[in-house]
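A.B. asks: Protein chains in written order, with my numbering: chain Y, 1 to 44; chain F, 1001 to 1350. In this text, a Cβ means the ideal position worked out from N, Cα and C, and glycines have one as well. Before we start, here is the structure in question, set down as structure tokens.
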Amino acid sequence: MTRKHRLVHRLAWPALALLIGLGITMALVLRPPPEPPKTAETHR
Amino acid sequence: MSVGFKAVQWNRDKIVYDVILVAGVALYIGVFAVIGWRWHPPKNLPDVIDIWIRAFGTAAFLMLTVILSIGPLARLDRRFLKLLYNRRHFGVLTFLVALTHVWLMLAWFDAQGLLHTLPADFTTWGDYGKFIGFPFKALGLAALLILFLMAATSHDFWLGFLKPPVWKALHMALYAAYALVVMHVALGIMQYERTPLIPLMLIGSFAAVSALHLIAAWRERARDQASTPISDGWLAVGPPDAIPDKGACIVTAPGGERIAVFRDGREIGALTNLCAHQNGPLGEGRIIDGCVTCPWHGYQYRLSDGCAPAPFTEKLATYRVRLNNGVVEIDPRPLPPGTPASITVAHVGA
Ligand code: HEM
Ligand code: FES
């Protein structure tokens, strides 16, 4: 890796990691509760 | 630096690598399908296709995880270099597995006569403003496009055309693809399937990739801070026997550029640490058959002047070397690529 490339990498990846971590967490927290009765086909 | 380093033997190793790779992926997908089948026996054709969608989707995701882990792993333990040197085929296969996942998804819709409803999943613009309910298929599509771009430009023709720095920057998009796939799963299947396996897969993969990058970054930082500039701007490397025979010490110039100082018996030479091929870490390589050999894909350079032996034409920047009171010193200002600059010391060691 060149120096410039390394610098960009060093700054960019913690930001991206934070973003992904936040994304997974929010998607888990905000996930709707499971429907108790088994209803229609799963939608996609 | 471990013993037993072996240069990349071009064809046979590559074939062995590819065979193991394809067999491993096929095994994973097969085992996944068998377990899926037992767990939720399919009742109809769409159910059958669904198992394969998941088998190929998770395979592609895990492969992407491995690809992003190979770089830091190879820095932490040289045995992983074997994985690295043919990472390109790994990438192309990941694209093909992901493509099959998408093709199966089309078959799933088609089997139910629902293919015509698919475009609406991408064009319900209001959904793009949501978090839960975001069109997760669009995230998958964006990731697939990046994987396609990587696979299409992976050939050395493009490497030569784009030059290593641009080509490497382009390949950093793989991290974006990874982020997109994580969210494709987190906002897609994780929202309507309650199995803890999905969050487990996402969090496990993400934790592994992050931890490996953190450890590798921490190690590099320690190394960068270790070098000591001395009198009139030259860098002290140490006595000749501090450089492993047929190996190198890597020193960092004040500007942050790395220099690989190799020793081949009594000959000592300094080259840029950046391989001309894909900017691999040359100083982590060895001298094989009289040539400095890159640990990534085996490109070779003469120690004396940084030129690749004929018929190859690559040239690396060299650095001036001197012996000062028994200490090897390097002038951190690079010489034009291909300039002879190595020295021969009278004797090595006590
Ligand atoms: C046009 C692009 C894509 C579309 C339309 C798409 C569509 C889908 C759909 C509909 C599902 C849900 C499957 C189900 O309900 O069983 C799914 C799941 C998944 N997709 Fe994709 N996908 C795309 C690209 C990708 C790519 C590029 C990857 C990985 C590299 C990927 C990885 C996954 C994974 C890991 C799952 C979860 C499988 C599971 O455990 O159930 N997808 N995708
Ligand atoms: S980076 Fe490919 S041989 Fe050095």
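#1: In chain order, which continuous runs of the alpha helix (DSSP H) of length 4 or greater are located wholly inside the stretch 1104-1162 of chain F?
#2: Residues in its own chain within less than 7 Å of F/LEU1021 by CB, not counting five upstream and five downstream?
#3: Short of 7 Å in beta carbon distance, which residues of its chain neighbour F/PRO1337, apart from the five on each side in sequence? Order them along the chain.
#4: Between the stretch 1294-1308 of chain F and chain Y, which residues of the former have a C-beta closer than 9 Å to a C-beta of the latter?
#5: So, for F/CYS1275: in the same chain, excluding its five sequence neighbours on each side, which residues have a beta-carbon less than 7 Å away from its beta-carbon?
#6: Scan the stretch 1009-1042 of chain F for residues whose Cβ lies nearer than 8 Å to a Cβ of chain Y and list them as they occur along the chain.
#7: Identify every residue that forms a DSSP beta bridge with F/ASP1401.
#8: Quick check on the DSSP output: the beta strand (DSSP E) that includes F/ALA1055 runs from which residue to which?
#9: Are the stretch 1034-1043 of chain F and the stretch 1058-1074 of chain F touching by the rule of at least three beta carbon pairs closer than 8 Å?
#10: From this set, F/LEU1202, F/PHE1312, F/VAL1261, which residue's C-alpha is nearest Y/GLY21's C-alpha?
#11: Is F/THR1058 near F/PHE1032, with beta carbons less than 8 Å apart?
#12: Assuming contact is defined by CB atoms lying nearer than 8 Å, are Y/ARG30 and F/PHE1131 in contact in what I supplied?
#13: Considering only C-alpha positions, which residue in the set F/GLY1126, F/ILE1330, F/HIS1184 is nearest to F/GLY1238?
#14: Quick one: measure Cβ to Cβ for F/GLY1247 and F/VAL1321, integer angstroms, because I've assumed they're closer than 8 Å.
#15: Within its chain, find whatever has a CB closer than 8 Å to the CB of F/TRP1010; leave out the 5 residues flanking it on each side and keep chain order.
#16: Could you check what DSSP says for F/PRO1332 in three-state terms: helix, strand or coil?
#17: Which residues in the same chain have their Cβ closer than 6 Å to the Cβ of F/LEU1118, if we skip the five residues on either side of it in sequence?
#18: Cα-Cα, which of F/THR1272, F/ALA1310, F/LEU1235 is closest to F/PRO969?
#19: Is the Cβ of F/HIS1171 closer than 8 Å to any Cβ of chain Y?
#20: Using a cut-off of 9 Å between C-beta atoms, extract the partners of F/TYR1184 located in chain Y.
#21: According to the neighbour-count rule (16 or more other Cβ atoms, all chains shown, within 10 Å of its Cβ), is F/SER1342 buried or exposed?
#22: Kindly examine the ligand FES and report whether one of its heavy atoms sits closer than 7 Å to the Cβ of F/HIS1089.
#23: Can you list the residues near the ligand FES, meaning Cβ strictly closer than 5 Å to any non-hydrogen atom, in the order they appear in the chain?
#24: Whole-angstrom Cβ separation of Y/LEU16 and F/ALA1142, contact assumed at under 8 Å?
#25: Where do the ends of the alpha helix (DSSP H) carrying F/VAL1181 lie?
C.D. replies: The short version:
#1: Listed in chain order, the complete alpha helix (DSSP H) runs (minimum 4 residues) inside the stretch 1104-1162 of chain F are 1118-1123, 1136-1152, 1156-1162.
#2: Cβ neighbours of F/LEU1021 beyond the five flanking positions: HIS1089, PHE1090, LEU1093.
#3: In the same chain as F/PRO1337, and ignoring 5 residues on each side of it, the C-beta atoms closer than 7 Å to its own belong to GLY1306, LYS1315, LEU1316, ALA1317, in chain order.
#4: Those residues of the stretch 1294-1308 of chain F that come within reach of chain Y (Cβ to Cβ, closer than 9 Å) do not exist; the list is empty.
#5: The residues are LEU1282, CYS1294, TRP1296, TYR1299.
#6: Answer set for the stretch 1009-1042 of chain F: empty.
#7: With chain F covering 1001 to 1350 only, the question about residue 1401 of chain F has no answer from this structure.
#8: Careful: F/ALA1055 lies outside any beta strand (DSSP E), inside the alpha helix (DSSP H) at 1045-1076.
#9: They do not touch, by the three-pair rule.
#10: Relative to Y/GLY21, the option among F/LEU1202, F/PHE1312, F/VAL1261 whose CA is nearest is F/LEU1202.
#11: By the CB criterion at 8 Å, F/THR1058 and F/PHE1032 fall inside the cutoff.
#12: The sequence shown places Leu at residue 30 of chain Y, rather than the Arg named in the question. In this structure, Y/LEU30 lies near F/PHE1131, with their beta-carbon atoms less than 8 Å apart.
#13: Checking every option, the nearest Cα to that of F/GLY1238 belongs to F/ILE1330.
#14: Their Cβ separation, rounded to whole angstroms, is 16 Å, which puts F/GLY1247 and F/VAL1321 out of contact at 8 Å.
#15: Because F/TRP1010 sits at a pLDDT of 47, beneath the cut-off of 50, its placement in the model cannot be relied upon, and the point is left open.
#16: It is coil, neither helix nor strand.
#17: For F/LEU1118, where only same-chain residues beyond five positions count, the Cβ hits under 6 Å are PHE1109.
#18: Any answer about residue 969 of chain F is impossible in this case: the structure gives chain F only from 1001 up to 1350.
#19: No, because no Cβ of chain Y sits closer than 8 Å to the Cβ of F/HIS1171.
#20: Correcting the residue identity first, residue 1184 of chain F is His in this sequence and not Tyr. Neighbours of F/HIS1184 on chain Y: none; closest Cβ ~11 Å, over 9 Å.
#21: Label assigned to F/SER1342: buried.
#22: Because no heavy atom of the ligand FES lies under 7 Å away, the Cβ of F/HIS1089 does not count as near it: no.
#23: Close to the ligand FES, as judged by a C-beta nearer than 5 Å to any of its heavy atoms, are the residues F/CYS1275, F/HIS1277, F/GLN1278, F/GLY1280, F/CYS1294, F/TRP1296, F/HIS1297, F/TYR1299, in chain order.
#24: About 15 Å separates the two Cβ atoms, so there is no contact after all.
#25: Counting along the chain, the unbroken alpha helix (DSSP H) around F/VAL1181 starts and ends at 1173-1186.
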